[in-house]
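Student: Before anything else, here's the structure in question.
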Amino acid sequence: MGISMLVSQQPQLLPATMNIPPGRLNLDNFIPWRPKKKVVVVMGATGTGKSRLSIDLASLFPAEIINSDKMQVHEGLDIVTNKITEEERKRVPHHLLGIVGPNADFTASDFCDRASIAMEKILSRGRLPVIAGGSNSYIEALIDDVDYQFRSKYDPCFLCVDVRTPVLHQYVSERVDRMVKKGMIDEARKFFSVNGDYKQGIRKAIGVPEYDMYFRLEPFLDEESRAMLLKKAIQEIKNNNCKLVHRQLEKIHRLRNVKKWNIHRLDATEVFNRKGNEADEAWEELVAGPSMEIVAQFLDRDATIKRNWRHGRFFGRQKIMLHNAL
Numbered sequence: 000m001g002i003s004m005l006v007s008q009q010p011q012l013l014p015a016t017m018n019i020p021p022g023r024l025n026l027d028n029f030i031p032w033r034p035k036k037k038v039v040v041v042m043g044a045t046g047t048g049k050s051r052l053s054i055d056l057a058s059l060f061p062a063e064i065i066n067s068d069k070m071q072v073h074e075g076l077d078i079v080t081n082k083i084t085e086e087e088r089k090r091v092p093h094h095l096l097g098i099v100g101p102n103a104d105f106t107a108s109d110f111c112d113r114a115s116i117a118m119e120k121i122l123s124r125g126r127l128p129v130i131a132g133g134s135n136s137y138i139e140a141l142i143d144d145v146d147y148q149f150r151s152k153y154d155p156c157f158l159c160v161d162v163r164t165p166v167l168h169q170y171v172s173e174r175v176d177r178m179v180k181k182g183m184i185d186e187a188r189k190f191f192s193v194n195g196d197y198k199q200g201i202r203k204a205i206g207v208p209e210y211d212m213y214f215r216l217e218p219f220l221d222e223e224s225r226a227m228l229l230k231k232a233i234q235e236i237k238n239n240n241c242k243l244v245h246r247q248l249e250k251i252h253r254l255r256n257v258k259k260w261n262i263h264r265l266d267a268t269e270v271f272n273r274k275g276n277e278a279d280e281a282w283e284e285l286v287a288g289p290s291m292e293i294v295a296q297f298l299d300r301d302a303t304i305k306r307n308w309r310h311g312r313f314f315g316r317q318k319i320m321l322h323n324a325l
């Protein structure tokens, strides 16, 4: 009885030939199959080189970049938020950078709406959308929220630039020192307010609330006391960046191990252990090169990319037009 029940529940096969009377086949609700649209997502903790990799991808593939960093969507604080500069963009079109006011809230839902529009515009131009940024909650909402139907429309390729934690901690700490030299303190001072809300808008960014006590007491302290208080604020910024690294890595591990996202890990640790030309060579060998091959295979252009890579033309910035693959 159990077997007969199972058999009876199986879907019935249609006969090999069907006699459908002429004019009786209704095609009004027939939806032709279309391949999913390709999208590349570049992930990683802060400071790992996500922006650099997205630019490298756009140097070979005709791509446009969609920012997924929740602080960089705001206007202002370019140094504090480490926003990619015009020079670093290398004329590659970027979307969702500095698009809302400093005090505005920009939720995951807002990101999904804007990113969806940007993706369709990019694809309509026959180009590849590359989503890059460290706000994994934004990316997760876009990919897995059923309201946006991302999985039914798009085929994502996930790349994750990874660096061993002790090496990355040292790097992000040194980066804070470089940001201070570039004018980080004066930039943050412009956003200081006695009644400022550090839970809203761009003031939530690491590198703003940490200076609050320093800016409040600065006029009333002698030079030595000011220096000590400033040093404490800078150290707090470094500590908070290291905590951010851990939170970002935990989210990526959850997406890979719990939600089973197929994330391609690219170990950039050796890049950060080297200097100058040696670091650039390590980047091309360990991060950019493998990423290009992964994306090329994803776009069904594997053989062409490998041939260009092996003949040393990869970083000659030859672009391969992929209109048919997108």
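Start counting the sequence shown at 0; every next residue gets the next number (numbering that gives the first Met the number 0). Where is the CB? At the ideal position from N, CA and C, for every residue including glycine. Just so it is clear, the structure is predicted and the values come from calculations on it, not from any experiment.
(1) Is Asn66 helix, strand or coil when you go by DSSP?
(2) Looking at the unbroken beta strand (DSSP E) that takes in Asp161, where does it start and where does it end?
(3) Any idea if Ser290 is buried or exposed, counting beta-carbon neighbours within 10 angstroms, 16 or more meaning buried?
(4) Please classify Phe190 as buried or exposed, where buried requires at least 16 neighbouring CB atoms within 10 angstroms.
(5) Specify, as a first and last residue, the run of the alpha helix (DSSP H) that Pro165 falls within.
(6) Closer than 8 Å is the cut-off here; do at least three beta carbon pairs connect the region 245 to 260 with the region 205 to 220?
(7) How many whole angstroms separate the CB atoms of Asp161 and Gly43, which I take to be in contact at a CB cut-off of 8 Å?
(8) On the premise that Val166 lies in contact with Thr45, defined as a C-beta separation below 8 Å, what is that separation, rounded to the nearest angstrom?
(9) Work out the CA separation of Glu283 and Ser50 for me, nearest whole Å.
(10) Would you identify the three-state DSSP class for Arg264, choosing helix, strand or coil?
(11) Report the rounded CA-to-CA distance for Ser192 versus Val286, giving the unit in angstroms.
(12) Is it buried or exposed, Gln71, if we count other Cβ atoms within 10 angstroms and call 16 or more buried?
(13) Below 7 Å CB to CB, which residues in the same chain sit around Gly206 once its five sequence neighbours on both sides are set aside?
(14) On the premise that Phe271 lies in contact with Lys393, defined as a C-beta separation below 8 Å, what is that separation, rounded to the nearest angstrom?
(15) I'd like to know if the region 167 to 182 and the region 58 to 65 are in contact, where contact means that at least 3 CB-CB pairs between them fall below 8 Å.
(16) Identify the residues that DSSP records as bridge partners of Pro218: which are they?
(17) Would you mind working out which of Lys120, Glu85, Val179 and Pro101 sits nearest Gln199, comparing C-alpha positions?
(18) What separation, rounded to the nearest whole angstrom, lies between the Cα atoms of Leu141 and Leu243?
(19) Skipping 5 residues on each side, what residues in its chain have a beta carbon closer than 6 Å to that of Leu229?
(20) Flag this pair as yes or no: are the beta carbons of Ile201 and Gly288 separated by less than 8 Å?
(21) Alpha carbon to alpha carbon, what distance is there between Tyr153 and Tyr210?
(22) Could you tell me which residues DSSP pairs with Lys37 in its beta bridges?
(23) Looking at the structure shown, is Val72 part of a helix, part of a strand, or coil, going by DSSP?
(24) Drop a sphere of 10 angstroms on the beta-carbon of His252, count the other beta-carbons inside from all chains shown, and report buried for 16 or more, exposed for fewer.
(25) Starting from Val129, trace the beta strand (DSSP E) in both directions and tell me its first and last residue.
(26) What residues in its chain sit with their C-beta under 6 Å from that of Gly97, if we drop five residues either side in the sequence?
Tutor: With the structure as the only source:
(1) strand
(2) Tyr153 to Asp161
(3) buried
(4) buried
(5) Thr164 to Lys181
(6) no
(7) 6 Å
(8) Wrong, their Cβ atoms sit about 13 Å apart, outside the cutoff.
(9) 14 Å
(10) strand
(11) 42 Å
(12) buried
(13) Val79, Met183, Ala187 and Ile236
(14) Nothing in the structure corresponds to residue 393, since the chain is present only between 0 and 325.
(15) no
(16) Partner(s): none; Pro218 has no beta bridge.
(17) Pro101
(18) 21 Å
(19) Tyr213
(20) no
(21) 42 Å
(22) Asp154
(23) coil
(24) exposed
(25) Leu127 to Ala131
(26) Glu74
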